[in-house]
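In the working numbering, the protein residues as written are 231 to 574.
Note that the Cβ used here is the ideal one computed from N, Cα and C, for glycine as well.
As structure tokens, then:
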């Protein structure tokens, strides 16, 4: 079932349940913290940006996990196959990071003695500014990126958990935003060309159950002179009302059914993330082979809080079929696919 929601409405009812689960092209659900049927310690809010070029990428995270604030910056060099991520943790933010109630509003600004990370939003534009002291080896990273947000479809999803209906996942991905600007670190400038390079915003709000695994794939590029991208995701919350799988082409969303990442394994069943993956959709409209370049992996084990992530960057070749049956050939498009296991 792929239930498209088109009516503007509250996300949650008076009992903290999603009023109308499904997917939408725009954020028709209105998020209100006071309607959440969970303690503030369990509420999760995050704004994650990923800007990519052919040879490098940069990611910024501002995340309020209730009992923990997480501020993170990643610099990924695909040409040299290396990356570095620095994360700052703060205790008990519980809404004090002032992340917006909608992706289109609310400027976020975090500052301490080591980092100043700022998101700003205007109609049709977004800006990220960052100064990160001692990002690595005592050296400072700076960034100033400006994104254009054309009038185009996005992918929004609002889904509960079967085992706990008051737990929910409300998310919007905005792909194919042209990005222009510069990231500087260690005497090098990483330039983003607004005519060629693109960014994606992963905007999310929710209350999760304790133990979850999600899979996510994202791409924003140009094919045949048209903006092209995709969002693939599954395994997180109850997707019986809708998946978040979608192709973006020339500003329009083309909805997919279920998608599977087939990751090779060794003889012990351990995933080989840097070996080629196969991606396939149940409706036959998305088929591809993903050739990894770099696995940005991390693991934190604090007994009660455990997270393990593999964000793999690489090139994907295959075919995406639009709603009218038109095939779009993907040839070595740069994409990021990830598998994340959280217990918190």
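(Q) Which complete beta strand (DSSP E) runs does the stretch 484-519 hold, if anything under 3 residues is left out? (A) 489-492 and 507-511
**Q.** Nearest candidate by alpha-carbon position, reference residue 329, set 427, 551, 512 and 261
**A.** The candidate whose alpha carbon is nearest that of residue 329 is 261.
Q) How many angstroms separate the CA atom of residue 557 from the CA atom of residue 461? A) 17 Å
Q: Just mark residue 553 as buried or exposed, buried being the case when its beta carbon has 16 or more other beta carbons within 10 Å.
A: Per the 10 Å Cβ criterion, exposed.
Q) Can you give the Cα-Cα distance for residue 238 and residue 566, rounded to whole angstroms? A) 32 Å
Q: Spatial neighbours of residue 394 within its chain, please: CB distance less than 6 Å, with the 5 preceding and 5 following residues excluded, ordered by chain position.
A: 439
Q) By Cβ distance, which residues of its chain are closer than 8 Å to residue 561, with the 5 residues on each side in sequence left out? A) 547
Q. What three-state label does DSSP hand residue 270 in the structure shown?
A. helix
Q: Taking all protein chains shown into account, decide if residue 312 is buried (16 or more other Cβ within 10 angstroms of its Cβ) or exposed.
A: exposed
Q | Candidates 428, 511 and 367: closest to residue 377 by CA position | A | 428
(Q) Checking the sheet assignment: what are the DSSP bridge partners for residue 397? (A) For residue 397, DSSP assigns no beta-bridge partner whatsoever.
Q) How would you write the range of the beta strand (DSSP E) that residue 557 sits in, first residue to last? A) 557-573
Q | Alpha-carbon spacing of residue 390 relative to residue 434, whole angstroms | A | 14 Å
**Q.** Closest by C-alpha distance to residue 398, when choosing among 407, 388, 406 and 404
**A.** 388
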